[in-house]
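Quick notes on the structure that follows.
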Amino acid sequence: AQSVTQPDIHITVSEGASLELRCNYSYGATPYLFWYVQSPGQGLQLLLKYFSGDTLVQGIKGFEAEFKRSQSSFNLRKPSVHWSDAAEYFCAVDPGGGADGLTFGKGTHLIIQP
Amino acid sequence: NAGVTQTPKFQVLKTGQSMTLQCAQDMNHNSMYWYRQDPGMGLRLIYYSASEGTTDKGEVPNGYNVSRLNKREFSLRLESAAPSQTSVYFCASQTGNYNEQFFGPGTRLTVL
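So the protein sequences, as listed, match chains A and B. Taken in order, the first sequence gives residues 1 to 114; the numbers are from my numbering. Taken in order, the second sequence gives residues 115 to 226; the numbers are from my numbering.
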């Protein structure tokens, strides 16, 4: 079955440390890939997206993600996290490139330690 | 430019009551979506409308109906609310460019 997996439910990182959030997908072809962030009580904001071309994509707020076809992965990274990065992060996939909606992972809750 | 707006922000219903969640976008997008978010489940697609005049079921449509009133507005109706429909509901609209979706602030619904 087609799916999006975020293996880590919670991640705790010290402020200033580096961050990597994992995302794996299971689809026949390379889908469109997205990372969204949700601050408490808020809607979702797009961090970055991948469709084709350069496998390392840059996003807002200093985030980047790398698409690895061989591993069916699209991991999110940030070199140095700030307390304001504490939030829920969702990986999402559009398998067909059409208008029939995104499939989301279950999310990773990021906690920042001072 | 307000983006995607949703009303109400909060709602408490009793089992069996009905209500309509409203969504509007001012970005001239063709496609609109309703998702529900439950703890540990991520977002799941309820219904979507690829263009004005069309609607289709998503992953979890049971217990819901939708109306694409015009290009701007896409409403979600619960005819007879059940406690299992307690959730946070998000509306989204989609650009034509690479399927980027823009989300509203959400409606937090509790069914007692």
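Positions of the beta carbon are idealized from the N, C-alpha and C atoms, including for glycine.
Closer than 7 Å by beta-carbon distance: list the chain B residues that pair up with residue i, in chain order.
i	result
residue 104 of chain A	156 and 157
residue 46 of chain A	214
residue 107 of chain A	156
Quick check on residue i: buried or exposed, where buried means 16 or more other Cβ atoms within 10 Å of its Cβ?
i	result
residue 103 of chain A	buried
residue 107 of chain A	buried
residue 42 of chain A	exposed
residue 126 of chain B	exposed
residue 168 of chain B	exposed
residue 83 of chain A	exposed
residue 145 of chain B	buried
residue 112 of chain A	buried
residue 17 of chain A	exposed
residue 53 of chain A	exposed
residue 208 of chain B	buried
residue 31 of chain A	buried
Going by DSSP, which residues form a beta bridge with residue i?
i	result
residue 125 of chain B	B:223
residue 141 of chain B	In the DSSP output, where bridge partners are listed per residue, residue 141 of chain B has none listed.
residue 91 of chain A	A:35
residue 150 of chain B	B:158 and B:203
residue 180 of chain B	B:190
residue 27 of chain A	Looking at the DSSP assignment, residue 27 of chain A forms no beta bridge with any residue, so it has no partner.
residue 8 of chain A	Residue 8 of chain A is not bridged to any residue.
residue 20 of chain A	A:77
residue 119 of chain B	B:138
residue 13 of chain A	A:112
residue 208 of chain B	B:145 and B:215
residue 3 of chain A	A:26
Residue i touches chain A at which residues, Cβ-Cβ below 9 Å?
i	result
residue 67 of chain B	Since the first residue of chain B shown is 115 and the last is 226, residue 67 of chain B is not available in this structure.
residue 172 of chain B	100 and 101
Output, in chain order, the set of chain A residues within a Cβ distance shorter than 8 Å of residue i.
i	result
residue 140 of chain B	Ordered by position in chain A, no residue passes the 8 Å Cβ test against residue 140 of chain B, which lies about 15 Å from the chain.
residue 204 of chain B	43 and 44
Which residues in chain A have a C-beta closer than 7 Å to the C-beta of residue i? List them in chain order.
i	result
residue 147 of chain B	101
List the residues of chain B that residue i touches, going by C-beta distances under 9 Å, in chain order.
i	result
residue 90 of chain A	156 and 157
Within 7 Å (strictly less), CB to CB, does residue i reach chain C?
i	result
residue 28 of chain A	Absent from the structure is chain C; the protein chains it does hold are A and B.
Say the cut is 6 Å; is the CB of residue i nearer than that to a heavy atom of the ligand FAD?
i	result
residue 106 of chain A	For the ligand FAD, the structure offers nothing, since it holds no ligand at all.
For a contact meaning CB atoms closer than 8 Å, what does residue i contact in chain B?
i	result
residue 94 of chain A	213
Next on the checklist: Quick check on the DSSP output: what are the complete beta strand (DSSP E) runs of length 3 or more inside the region 40-81 of chain A, in order along the chain?
Outcome noted: Qualifying beta strand (DSSP E) stretches, in chain order: 44-50, 56-58, 64-68 and 73-78.
Next on the checklist: Under 8 Å, with one C-beta from each stretch per pair, do the region 122-138 of chain B and the region 187-207 of chain B reach the 3-pair mark?
Outcome noted: Taking 8 Å as the limit for Cβ pairs, the verdict is that the region 187-207 of chain B does touch the region 122-138 of chain B.
Item to check | Stretch-stretch touch, CB-based, cutoff 8 Å, three pairs: the region 173-191 of chain B with the region 44-53 of chain A | outcome: At 8 Å Cβ cutoff, the stretches do not touch.
Next on the checklist: Does the region 157-166 of chain B come into contact with the region 56-71 of chain A, if we say contact requires no fewer than three beta-carbon pairs (one atom in each stretch) closer than 8 Å?
Outcome noted: The region 157-166 of chain B is not in contact with the region 56-71 of chain A.
Checklist entry - Contact between the region 6-18 of chain A and the region 168-179 of chain B: three or more CB pairs below 8 Å? => result With the rule of 3 Cβ pairs closer than 8 Å, the region 6-18 of chain A does not count as touching the region 168-179 of chain B.
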